[in-house]
Each structure stands twice: as structure tokens, then as C-alpha cells.
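Working notes, beginning with the structure itself.
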């Protein structure tokens with residue numbers, strides 16, 4: 004029997020290196036149900052709060068990574084900034100590739116503050132389980148679509164992203180939406196001297212969220228995009244590559260910043276953006292080289308590195 008979402012004959016898969024085994028939904032769902040049920044039984048008032056749910060999801064993250072070849076499925080759990088949600092992701096990670104494939108990301112909401120009649124408590128349990136099942140099934144849907152692509156061709160990223168245009172757009176956004184807005188409030192303190200303000204001013208990671216979150220540039224059938232999220236104790240900055248029509252994205256770079264400890268000047272903002280984008284390009288090149296690694300022709304090696312040309 005073949006695994007769902009993969010061709011019957013493995014030799015039919017053109018991109019075997021990046022074909023992904025679908026998630027074992029029934030097994031993972033059974034484990035999740037047992038863990039959440041144990042939490043409900045042990046709870047003093049029968050209410051499963053967000054801390055209980057976080058314990059269960061962290062248990063899943065630590066104990067339910069499913070490996071297949073050099074790949075593994077990984078759950079990621081991060082508390083949200085306001086404490087009312089848990090940020091949850093399902094990724095596939097390769098042992099030797101920097102880029103990670105993100106299949107789904109969503110929130111688990113805190114249901115414990117709703118009225119607590121017995122039927123509502125049962126509903127909390129079922130709601131959590133149903134939502135977890137929905138995310139597993141959605142991830143599998145996208146994995147199957149991905150494998151269908153890999154059955155026909157290798158997902159090499161041939162197009163060169165317009166890096167300088169992207170950097171200029173990001174800097175313009177930051178300057179217009181953060182620097183100039185801040186300057187309007189304090190310009191009298193600097194005698195309307197913008198240069199004096201720039202020499203004296205520092206900015207924080209939250210300013211990245213205000214100015215460049217979800218900003219993207221399109222090239223070929225891809226979007227290169229910054230994704231910035233304010234979570235409980237960190238600002239998460241990602242450079243991702245969106246794939247047309249597949250519903251998944253590739254995380255090229257992921258950096259964490261402390262919301263109020265990390266700070267930077269305007270010049271340092273440019274360095275941060277340059278560094279993240281440079282690492283993102285390196286991750287794309289590594290991905291391409293991995294896909295053509297078994298083919299020694301000079302032509303294919305040129306393909307892998309085309310984006311730097």
C-alpha cells in the first residue's frame with residue numbers, strides 16, 4: 004500500500020529529496036485526546052485553561068516529532084503577547100537544510116473564561132480536539148498538493164528576486180511610517196533638524212511590526228515577504244517565501260528580538276534588513292543546491308546559483 008499523497012511507485016517522484024510523508028492524523032489525534040482528557044480530569048474545577056493546553060501542546064512538540072528519512076514533522080508552540088492565545092505551527096524540517104516548510108499556523112484561544120456549565124466544559128474539550136484535528140488535516144491537504152508538484156518536477160527557485168528593490172521599499176516604509184512620525188512629535192526639541200534627530204534616536208523591534216510586517220515583493224511565482232509577530236516575550240521576525248497555489252510557505256530566516264531590550268538606530272535598521280535578506284538568499288541557494296546535488300552537470304549547478312547572477 005502506498006502512503007496517501009504519494010505516487011504508488013517511488014521512482015515516479017521527480018523530487019524525491021523533498022517529498023513529504025503525510026502526517027499520521029489518527030495517531031497524533033489519539034495522543035492529543037488522551038493528554039487533554041487527563042488535564043480535564045485533574046483540573047480542580049474541570050476547566051481546561053490556556054496553561055493546561057500549553058502543557059499538552061508542548062508535550063506534543065517534545066514527544067511527537069515524526070521522522071521520515073532526513074525529514075521530520077515538528078510542532079511549534081509559542082504563547083501570544085496578550086496571554087489569551089497560543090500560537091501553533093506544523094512544520095517539516097530537514098537535517099541539513101536551513102529553510103523549513105511551514106504547512107499551517109493558527110491560534111488556540113483560551114476558552115476557560117466562558118461560563119462553566121457541564122455542557123460547556125465538554126464543549127471546551129471537544130473544541131480543542133476538533134481544532135487540533137482540523138490543523139492536522141489542513142496540513143496534510145497541503146502536503147499532498149506539495150507532493151503532487153514534486154511528482155512532476157523539482158521545485159527549484161530559478162527566478163532571481165529583486166533584492167535591491169525590496170530593500171529600498173522596506174527602508175522607505177520604515178522611514179516614512181516610523182522615523183518621520185516620531186520626528187513630528189519631537190521636531191521642536193531638535194530645532195526641526197532631522198539629522199540631529201537621527202543621530203540621537205533609537206528604535207525598537209515593535210517598530211518593525213508597524214512598518215514592514217507582511218511587506219513583500221513578487222518574482223516569478225513567488226512572494227518574498229517579511230512576517231513579524233509580537234508574541235508573549237519576543238518579537239518574531241521572519242523572511243518567508245510564499246508558493247503560489249500551495250498554501251504553504253518556506254521559512255528562510257527566523258530571528259527573535261526582545262521587545263524592549265533590543266534596540267537599533269536607523270543605520271542599524273539597514274544592517275538588520277541587509278543581513279536577514281542576505282541569509283534568506285543563502286537559504287534559497289542552499290535549497291537549490293540540495294535539489295540538484297545528485298546531478299553533477301555544470302548546467303544544473305548554474306541553475307542552483309542563478310539567483311546570485
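Residue numbers (our numbering): 4 to 312.
Note that the Cβ used here is the ideal one computed from N, Cα and C, for glycine as well.
Name the two residues that bound the continuous alpha helix (DSSP H) containing residue i.
i: residue 214; result: 208 to 215
i: residue 188; result: 183 to 189
i: residue 286; result: 269 to 295
i: residue 180; result: Premise fails: residue 180 is in no alpha helix (DSSP H) and is neither H nor E.
Residues in the same chain with beta-carbon distance under 7 Å from residue i, minus the five sequence neighbours each way, listed in chain order, please.
i: residue 126; result: Caution applies to residue 126, whose pLDDT of 47 falls short of 50 and renders its modelled position unreliable; the model cannot decide the point.
i: residue 109; result: 91 and 138
i: residue 260; result: 208, 237, 238 and 240
i: residue 39; result: 51, 59, 128, 131 and 132
i: residue 197; result: 186
i: residue 112; result: 87 and 88
Tell me which same chain residues have a C-beta within less than 8 Å of the C-beta of residue i, skipping the five on either side of it?
i: residue 145; result: 106, 107, 249, 250 and 251
i: residue 270; result: none
i: residue 294; result: 18, 20, 21, 157, 158, 159 and 307
Can you tell me the Cβ-Cβ gap for residue i and residue j, rounded? I've got them flagged as a contact below 8 Å.
i: residue 284; j: residue 166; result: 7 Å
i: residue 159; j: residue 291; result: 5 Å
i: residue 23; j: residue 149; result: 6 Å
i: residue 222; j: residue 157; result: Residue 222 to residue 157, Cβ: 18 Å. No contact.
i: residue 272; j: residue 186; result: Incorrect: roughly 15 Å between the Cβ atoms, too far for contact.
i: residue 206; j: residue 128; result: Contact flag wrong, Cβ pair sits at about 44 Å.
i: residue 37; j: residue 55; result: Not confirmed; about 14 Å, so no contact.
i: residue 233; j: residue 217; result: Not confirmed; about 13 Å, so no contact.
i: residue 71; j: residue 135; result: Contact doesn't hold; Cβ gap of about 21 Å is too wide.
i: residue 21; j: residue 143; result: That belief does not hold up - the Cβ atoms of residue 21 and residue 143 are roughly 16 Å apart, past 8 Å.
Among residues of its own chain, excluding the 5 on either side of residue i, which ones have a beta-carbon nearer than 6 Å to its beta-carbon?
i: residue 247; result: 224
i: residue 179; result: none
i: residue 3; result: Because the chain is modelled from 4 through 312, residue 3 falls outside the range shown and cannot be assessed.
i: residue 226; result: 219 and 245
i: residue 258; result: 240
i: residue 194; result: none
i: residue 256; result: 242, 279, 282 and 283
Give a yes or no on whether the minimum CB-CB distance between residue i and chain C is below 9 Å.
i: residue 71; result: Absence of chain C from the displayed structure is noted, only one protein chain being present.
Could you tell me which whole alpha helix (DSSP H) segments of length 4 or greater appear in the segment 193 to 266?
Taking 4 residues as the shortest admissible run, the segment 193 to 266 contains the following complete alpha helix (DSSP H) segments, listed from N- to C-terminal end: 197 to 203 and 208 to 215.
Are at least three pairs of beta-carbons, each pair with one atom in the segment 211 to 219 and one in the segment 229 to 239, less than 8 Å apart?
The answer is yes - the segment 229 to 239 touches the segment 211 to 219, with three or more Cβ pairs under 8 Å.
Give a yes or no on contact between the segment 88 to 105 and the segment 70 to 78, applying the rule of three or more CB pairs nearer than 8 Å.
yes
Beta strand (DSSP E) runs contained entirely in the segment 64 to 115, provided each spans 3 or more residues
69 to 71, 74 to 82, 88 to 97 and 103 to 112
Mind the definition here: the segment 170 to 184 touches the segment 55 to 62 only if three or more C-beta pairs lie below 8 Å; say whether that holds.
no
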